[in-house]
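Number of protein chains: 2
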Amino acid sequence: MKTKLKELKTRLTEINDLESAAALLDWDQNTYMPPGGAPARARQTATLERLAHEKFTDAGIGKLLDDLRPYEESAPYDSDEASLIRVTRRDYERAIKVPPAFVAEFSDHRSASFQAWAEARPANDFAKVRPYLEKTLDLSRRLANFFPGYEHIADPLIDYADYGMKASTVRATFAELREQLVPIVQAITAQPPADDACLRQTFPEAQQWAFGLEVVKRLGYDFERGRQDKAPHPFTTEFSIGDVRITTRVKENNLGEALFGTMHESGHGMYEQGVRTDLEGTPLAGGTSSGVHESQSRLWENVVGRSRGFWRFFYPRLQDIFPDQLEDVELETFYRAINKVERSLIRTDADEVTYNLHILLRFDFELRLLEGDLTVRDLPDAWRERFSADMGIIPPDDRDGVLQDIHWYAGGIGGAFQGYTLGNILSAQFFEQATQAHPEIESEIEAGKFSTLHNWLKESIYQHGRKYTPSELVERVTGGPLNIEPYIRYLCDKYGELYGL
Amino acid sequence: MKTKLKELKTRLTEINDLESAAALLDWDQNTYMPPGGAPARARQTATLERLAHEKFTDAGIGKLLDDLRPYEESAPYDSDEASLIRVTRRDYERAIKVPPAFVAEFSDHRSASFQAWAEARPANDFAKVRPYLEKTLDLSRRLANFFPGYEHIADPLIDYADYGMKASTVRATFAELREQLVPIVQAITAQPPADDACLRQTFPEAQQWAFGLEVVKRLGYDFERGRQDKAPHPFTTEFSIGDVRITTRVKENNLGEALFGTMHESGHGMYEQGVRTDLEGTPLAGGTSSGVHESQSRLWENVVGRSRGFWRFFYPRLQDIFPDQLEDVELETFYRAINKVERSLIRTDADEVTYNLHILLRFDFELRLLEGDLTVRDLPDAWRERFSADMGIIPPDDRDGVLQDIHWYAGGIGGAFQGYTLGNILSAQFFEQATQAHPEIESEIEAGKFSTLHNWLKESIYQHGRKYTPSELVERVTGGPLNIEPYIRYLCDKYGELYGL
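In the order they appear, the protein sequences are chains A and B. If you use this note's numbering, the first sequence closes out at 501, no skipped numbers anywhere. If you use this note's numbering, the second sequence closes out at 1002, no skipped numbers anywhere.
Shown next, in the form of structure tokens:
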């Protein structure tokens, strides 16, 4: 059995090496690659991904997993060995259900659709991408249908990002959230808006960059095992537990862009850096789900990074770096600026209160499109209607409406968006647990100390990698299931105080 | 036949994709990788190289090559098709002769030996690496012996770098060169040395960097299909014909380091960028040999980059960038400084005249070690003795003597050094041809125009990639074999004038 487990690990590490190399090709493409590298790079990435997929779906892996079943059953559920076999089997069974020809067809279509969208969005031309999106919807349905027996057609697609979550439960959670969120948004936006002019002065790039590094280093992102580079669309990627890289973009006329983006990505990065190094090179190394991953980026970006305590420590440092811009701006003015709530068009620019309304809309539309209740043709009108109802503003065009996000155009429909709001909910749930276990965390944050919080997250969440499913992890950490109450409490406390509600 | 050729190409492109990804892993390791990435990176690179080797030595490749023999014989020798089959067969037959277990053993030993050397060199401790070097010698002999029927045991090893060259011919060429070179060196070093103090002021890194980019852009290195990054040991690497990258290192107290290093690497880079794009992804894409590659780096670095005409154009630009340092330094003083000849300890710091003496010593020692005429134990003494005889200075220690170069300690013995001097010889041979065909080249250089020279090199050499062997290429381009006369003429003209000989 030990021999078979060793053989499985050897095979998995080889696959992981191919995947890591593909990730480096991708990182390089988004950071340093000269334009002339593009055609060959697409081919090289496709080759590595295909080889990794071929090796993973090889019948030899299935045989090893079968042979190892008694070993798995005899070992404790959360032992590294049983977990490795269990999680690998789950991935394997998912992978072999999808025929390679379909994988290739979907992959080719995604590239073509992305190209069409990249031209259609600036041209505000939904008609141009409509046939692509219709095919994406068809392919997404076909993908789901490789997993018969689902309760809702979106379930197998949600599984890819947030394993074990179902359309029905997410829908119920989101409905509950919406019910509580809408009055909060209404109450806040009835007040005079906060003034964020202080963030919209000119802040030279080099100093913004240096300050961002200083902040995330103090949060606990490890630069011995990572680095930050510039990228047009920030992301986090990992090539091993010892090499987890973040990216950011800097706007000289918007201080928040790089700062909160950097903290956001560092949250993803600390999660990956915190996985136990014994799990290196196996399917257990990595975050367990899109929602849990997003809980970490949002926890550090928002719950910590937009708190008053955090800025009690960091604001004087920021004023030192930008005296001309901030010397005369009070901490309280700055704090209100970075927490300005407003109804806005673009999801990625939205504040933490209205942000979820953007997600809920997209999630509902994914379900309706998959159900056949909404056609791609009717999507732009449906978007405008729902957006106006939710936000009180009508998108002036499709560019900043239904065309704004890359997800459907370069990916699939179903499972693309729920992770963001699940992450917001979980960020508050986890943070509440952390501060209950260590009430000193809040005062430590005011002193620029983050190790108690970081260590608690590492201990409770990061170290396990993919050993536990999202539900198992939430249960272990919080003693109960996913629950919106802490998040609502967090929003009410914070924004109630800010807006005197 | 067309189908089989297509199948061969498909397989070769897949192998090339793996090799290119391995090259990117290596580039990243030498430029941006955080320290924590090292352990996994070694494993990932090894995996990709192993998979590429497995796929290339697969019997299916051999079968295709056999099946394609009639097709090859019916097509013109220098057609893309015949060349692809011929060069692939040559690589394949070499690859399959070496057992995978031996490849792995040598590879593991090289890593261990490199580690030992990295500690032994700063400690000046030859005894520490001696057993490693003895094993390297043994492995190098065993490698050669997988190719029985050689004339000299070094021949199969020379073949890896400079296909078709033999120890006997290289030895004869080098003996002839030595005979002519030694009196030149003696005559020059009998004169008062040139003053290069002007190069040893403080030159801020950012301006050095910008000037280097400006120079190589004008030479014709294409930044749409390449980029420059910093690396501790500069190198050039390619991930496709559209993505060929150079690296450099900057010393603020030595203006020559980055400047000539950048031009040197750009020569390698322009060669790779100039390969015909139809050859992309095949074994034909790339430089044909170590010597021809080096001829391009040395041609641009030395023949062009250390010429008076070149600096007639660029020196005023350089003075503009560094007015405090160079305003009062005459062009002629600068020209003499960058062409200072002196007997020195370190190969990589040597001027273009004495440089070859460093190589000749190493080449001779490689042959003697392989022949058994010299033991590793006796190597340090032999080095001191020969070095004193050739250079008139005795190395004070092994660190700057037999331990100075990485090649034997991280590679093999045999074939490691001859390419550098072959490159010097060829740089003059090619340049002479270019100026015979286009006498305007010299005056164009003085006007900062390099396109006639660059286009001639592209047309004559670069575009063909590995289609011709080094000897075939030299014959095609110069109408005769490798010949030291143009190089000797070049040195005599230039240094005769400089030192009034």
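Yeah, the Cβ is synthetic: ideal placement off N, Cα and C, and Gly gets one too. It should be emphasised that the depicted structure is a prediction, and the values quoted were computed from it without experimental measurement.
Using beta-carbon positions only, say whether B/Gly915 and B/Ser641 come within less than 7 Å of one another.
Contact: yes.
Using 7 Å as the threshold, is the C-beta distance between A/Glu49 and A/Ala23 below it?
Cβ atoms of A/Glu49 and A/Ala23: not closer than 7 Å.
According to the Cβ coordinates, are B/Val877 and B/Leu638 closer than 7 Å?
It is a contact, given that the beta carbons lie within the stated cut-off.
Could you compute how far the alpha carbon of A/Leu331 sits from the alpha carbon of A/Leu491?
Looking at the two C-alpha atoms, the distance is approximately 20 Å.
Taking all protein chains shown into account, do 16 or more other C-beta atoms lie within 10 angstroms of the C-beta of A/Gly226, making it buried, or fewer, making it exposed?
Per the 10 Å Cβ criterion, buried.
Using 7 Å as the threshold, is the C-beta distance between A/Asn30 and A/Ala258 below it?
Cβ distance not < 7 Å, so A/Asn30 and A/Ala258 don't count as in contact.
Round the Cβ separation of B/Leu700 and B/Ala838 to the nearest angstrom and send it over; I've been treating them as touching at under 8 Å.
Contact flag correct, Cβ pair sits at about 5 Å.
Closest to B/Gln757 by C-alpha separation, out of B/Ser796, B/Pro684, B/Tyr836, B/Gln729, would be which residue?
Note on residue identity: the sequence assigns Gly, not Gln, to residue 757 of chain B. Checking every option, the nearest Cα to that of B/Gly757 belongs to B/Tyr836.
Strictly by DSSP, which residues pair up with A/Arg377?
For A/Arg377, which the question treats as bridged, DSSP gives no partner whatsoever.
Given that A/Gln191 touches chain B, what residues does it touch there, using C-beta distances under 9 Å?
Residues of chain B passing the Cβ test: none, with the nearest at roughly 46 Å.
Would you mind stating whether A/Met270 and A/Gly220 have Cβ atoms separated by less than 7 Å?
Yes, the pair counts as a contact, with Cβ atoms nearer than the cut-off.
Name the residues in the segment 35–57 of chain A whose C-beta lies less than 8 Å from a C-beta of chain B; which are they?
Taking 8 Å as the Cβ-Cβ cut-off against chain B, the residues of the segment 35–57 of chain A that qualify are Pro35, Gly36, Gly37, Ala38, Pro39, Ala40, Arg41, Arg43, Gln44, Thr47, Leu48, Leu51.
Starting from A/Arg245, trace the beta strand (DSSP E) both ways and give me its first and last residue.
Its beta strand (DSSP E) spans residues 243–248.
Less than 7 Å between CB atoms is the rule here; does A/Gly242 satisfy it with respect to chain B?
Yes - at least one Cβ of chain B is within 7 Å of the one on A/Gly242.
Looking at chain B, is there any beta carbon in it that lies within less than 7 Å of the beta carbon of A/Ser20?
Answer yes: the Cβ-Cβ gap between A/Ser20 and chain B drops below 7 Å somewhere.
Show which residues of chain A have a CB atom less than 9 Å away from the CB atom of B/Leu714.
Correct list: empty, because the minimum Cβ distance to chain A is about 13 Å.
If I follow the unbroken alpha helix (DSSP H) through B/Glu867, where does it start and stop?
856–872 is the extent of the alpha helix (DSSP H) around B/Glu867.
Could one say the Cβ of A/Gly226 lies closer than 7 Å to chain B's Cβ atoms, at least one of them?
At least one chain B Cβ lies under 7 Å of A/Gly226.
With the cut-off set at 7 Å, would you say B/Tyr996 and B/Ile597 are in Cβ contact?
No; because the gap between Cβ atoms is not below 7 Å, this pair is not in contact.
Just mark B/Thr504 as buried or exposed, buried being the case when its beta carbon has 16 or more other beta carbons within 10 Å.
By the 10 Å Cβ count, B/Thr504 comes out exposed.
If I measure Cβ to Cβ from A/Leu68 and keep anything under 8 Å in the same chain, skipping five residues before and after, which residues do I get?
So the list reads Met1, Lys4, Leu5, Leu8, Ile85, once near-sequence residues are dropped.
So is A/Phe17 in contact with chain B if we call contact Cβ pairs under 7 Å?
One point to set straight first is that residue 17 of chain A is Asp, not Phe, in the sequence displayed. It does: the Cβ of A/Asp17 has a partner Cβ on chain B nearer than 7 Å.
Based on Cα-Cα distance, which residue from B/Gly782, B/Gly762, B/Ala707, B/Phe931 lies nearest to B/Ile742?
It is B/Gly782 whose Cα lies nearest to the Cα of B/Ile742.
Can you confirm whether B/Glu766, when its beta carbon is compared against all beta carbons of chain A, has any partner nearer than 7 Å?
Taking Cβ atoms only, chain A never reaches closer than 7 Å to B/Glu766, which makes this a no.
Could you check what DSSP says for A/Ser240 in three-state terms: helix, strand or coil?
Strand, per DSSP.
Let's test the definition: count the other Cβ atoms within 10 Å of the Cβ of B/Tyr578 and tell me whether it reaches 16, buried, or not, exposed.
Flag for B/Tyr578 reads exposed.
Can you tell me whether A/Gln191 is buried or exposed, with buried defined as 16 or more other CB within 10 angstroms of its CB?
So A/Gln191 ends up on the exposed side.
With a cut-off of 7 Å, does the C-beta of B/Glu998 fall near any C-beta of chain A?
Judged by the 7 Å Cβ criterion, B/Glu998 is not in contact with chain A.
Which runs of the beta strand (DSSP E) spanning at least 3 residues fall entirely within the segment 195–240 of chain A, listed in chain order?
As far as the segment 195–240 of chain A is concerned, its whole beta strand (DSSP E) runs of at least 3 residues are 228–230, 236–240.
Any beta-carbon of chain E closer than 7 Å to the one on A/Glu14?
Although the question refers to chain E, the structure presented lacks it and instead comprises the protein chains A and B.
Go ahead and pull the three-state DSSP assignment for B/Lys950.
If DSSP states are grouped into helix, strand and coil, B/Lys950 belongs with coil.
Kindly give me the distance between the Cβ atoms of B/Pro971 and B/Gly768, rounded to whole angstroms, as I take these residues to be in contact under 8 Å.
Actually they do not touch by this definition, with Cβ atoms about 16 Å apart.
Whose CA, out of A/Ile441, A/Glu14, A/Gln208, A/Leu51, lies closest to the CA of A/Arg249?
Answer by Cα proximity: A/Gln208.
Can you tell me where the alpha helix (DSSP H) with A/Asn16 in it begins and where it stops?
Unbroken alpha helix (DSSP H) run through A/Asn16: 2–31.
So which residues of chain A does B/Asp529 contact, with C-beta pairs closer than 8 Å?
Here the neighbours are Leu24, Asp28.
Measure the alpha-carbon distance for A/Phe203 versus B/Ser961 and round it to whole angstroms.
Approximately 52 Å between the Cα atoms of the pair.
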